[in-house]
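Peer 1:
Protein chains: 2
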Amino acid sequence: MKYIEKLRNSGLRPTKQRLQICEVLFNTERTFHFTINELEQKIKDKIDNKISLATIYNTVHAFEKKGYLKQIPVNSNQTYFDTNITDHHHFYNLKDGNLIDLENSDVGPINIKKKINGKKIKSIEVLVKLED
Amino acid sequence: MKYIEKLRNSGLRPTKQRLQICEVLFNTERTFHFTINELEQKIKDKIDNKISLATIYNTVHAFEKKGYLKQIPVNSNQTYFDTNITDHHHFYNLKDGNLIDLENSDVGPINIKKKINGKKIKSIEVLVKLED
DNA sequence: CAGCTATTTAGAACCATTATAAACTGCAAA
DNA sequence: TTTGCAGTTTATAATGGTTCTAAATAGCTG
Ligand SMILES: [Mn+2]
Ligand SMILES: [Mn+2]
Ligand SMILES: [Zn+2]
Ligand SMILES: [Zn+2]
Numbered sequence: 001m002k003y004i005e006k007l008r009n010s011g012l013r014p015t016k017q018r019l020q021i022c023e024v025l026f027n028t029e030r031t032f033h034f035t036i037n038e039l040e041q042k043i044k045d046k047i048d049n050k051i052s053l054a055t056i057y058n059t060v061h062a063f064e065k066k067g068y069l070k071q072i073p074v075n076s077n078q079t080y081f082d083t084n085i086t087d088h089h090h091f092y093n094l095k096d097g098n099l100i101d102l103e104n105s106d107v108g109p110i111n112i113k114k115k116i117n118g119k120k121i122k123s124i125e126v127l128v129k130l131e132d
Numbered sequence: 133m134k135y136i137e138k139l140r141n142s143g144l145r146p147t148k149q150r151l152q153i154c155e156v157l158f159n160t161e162r163t164f165h166f167t168i169n170e171l172e173q174k175i176k177d178k179i180d181n182k183i184s185l186a187t188i189y190n191t192v193h194a195f196e197k198k199g200y201l202k203q204i205p206v207n208s209n210q211t212y213f214d215t216n217i218t219d220h221h222h223f224y225n226l227k228d229g230n231l232i233d234l235e236n237s238d239v240g241p242i243n244i245k246k247k248i249n250g251k252k253i254k255s256i257e258v259l260v261k262l263e264d
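Read top to bottom, the protein sequences are chains A and B. The first sequence lines up with residues 1 to 132 when you count with the working numbering. The second sequence lines up with residues 133 to 264 when you count with the working numbering.
#1: Is there at least one non-hydrogen atom of ligand 4 closer than 7 angstroms to the beta-carbon of ASP214 of chain B?
#2: For LEU53 of chain A, count the other beta carbons within 10 Å of its own beta carbon; 16 or more makes it buried, fewer makes it exposed. Which is it?
#3: At a Cβ threshold of 8 angstroms, is THR79 of chain A touching chain B?
#4: The alpha helix (DSSP H) that contains HIS61 of chain A, what's its start and end?
#5: Tell me the DSSP secondary structure of LYS246 of chain B in three-state form.
#6: Report the three-state DSSP secondary structure of ASN207 of chain B (helix, strand or coil).
#7: Spell out a yes or no on whether the stretch 133-145 of chain B and the stretch 119-126 of chain A are touching, meaning 3 or more CB-CB pairs, one atom from each, closer than 8 angstroms.
#8: Whole-angstrom Cβ separation of VAL192 of chain B and ILE168 of chain B, contact assumed at under 8 angstroms?
#9: Return the Cβ separation of PHE81 of chain A and LEU69 of chain A in integer angstroms, given the expectation that the two are a contact with Cβ distance under 8 angstroms.
#10: By the criterion of Cβ-Cβ separation under 9 angstroms, what are the contact partners of ASN243 of chain B in chain A?
#11: ASP82 of chain A touches chain B at which residues, Cβ-Cβ below 7 angstroms?
#12: Does the CB of LYS129 of chain A have a neighbour CB from chain B at under 8 angstroms?
#13: What residues from chain B crowd round SER123 of chain A, counting only those whose CB sits closer than 7 angstroms?
Now the structure itself:
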């Protein structure tokens, strides 16, 4: 299994549940955005056994902590995650809550001129809200 | 009272509660960022009577709808609002959840090259996450 | 003032997320 | 292999920000 090493190297035991979640999250043609509920549904569709919601939360948070997932800052009652962990940006469709990737090349280089004493910039994220 | 007209013009009745909330939100030297809980505290500190939490939510949403307040997209369990309704951006201090304004002049002009069929850009917001 | 609608309010409901604690499992050491 | 244990899973409860409800109150127009 190709995810066993990845998990072991991160100090995460390669449990059946984690490996199955890896399949759903990372064994895909394209990266994608998801909420926990959407992921829960995807998992249900793809596997036979049941993975508890608590485990889905635990796993997503573990993967986020290890840098295998990113959270996307949007105003929503649900948290959005991204399997695309490269530096990039997003269109946010206000109508249906859909997110679309904007690669760095789709946005000019962003140069933050203001500095905050004693703080480092961890990330720069652009959110482009779309309406009809 | 200087907010009576503003409210009437927006089709909002200038109630005692709304006028008091206007004082807290808009009768200030500087604009500021807030969560509902922080606003509730500010209101308690500034006025003698009590305004129910439901009214604070109702009013903030009404003002947001009229364009007198903006929501700021961040990952937090609470919604952040801004009394600065100009186009601008934010530093987000991951340590304490504090927001700091970044004026447009502090960020180079942002040119979104990708277009989405049949959609208009409503806003472009940059969030710069800060760590120690 | 009268009548009507908007607004306020306390409290309940909602619901995404987190906490709990008991059962289970991967894995290293014996 | 077996054993022991820390790490993990799980059902379920708790949490907490936000929204809903429906009754009381207040602004406004005639
Ligand atoms: Mn969240
Ligand atoms: Mn919200
Ligand atoms: Zn993305
Ligand atoms: Zn601001």
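Note that the Cβ used here is the ideal one computed from N, Cα and C, for glycine as well.
Peer 2: Taking the geometry as given:
#1: Result yes, Cβ under 7 angstroms from ligand 4.
#2: Exposed is the call here.
#3: Cβ-Cβ to chain B under 8 angstroms: yes for THR79 of chain A.
#4: For HIS61 of chain A, the enclosing alpha helix (DSSP H) has its first and last residue at 53-66.
#5: Note: LYS246 of chain B maps to coil in three-state DSSP.
#6: Looking at ASN207 of chain B - three-state DSSP - the assignment turns out to be coil, as it is neither helix nor strand.
#7: No, they do not touch.
#8: With a Cβ gap of about 7 angstroms, VAL192 of chain B and ILE168 of chain B count as contacting.
#9: The Cβ separation is near 5 angstroms, so the contact holds.
#10: Correct list: VAL107, GLY108.
#11: Within 7 angstroms Cβ-Cβ: nothing; ASP82 of chain A doesn't reach chain B, min ~12 angstroms.
#12: With 8 angstroms as the cut-off, LYS129 of chain A counts as an interface residue toward chain B.
#13: Neighbours of SER123 of chain A on chain B, chain order: LYS261.
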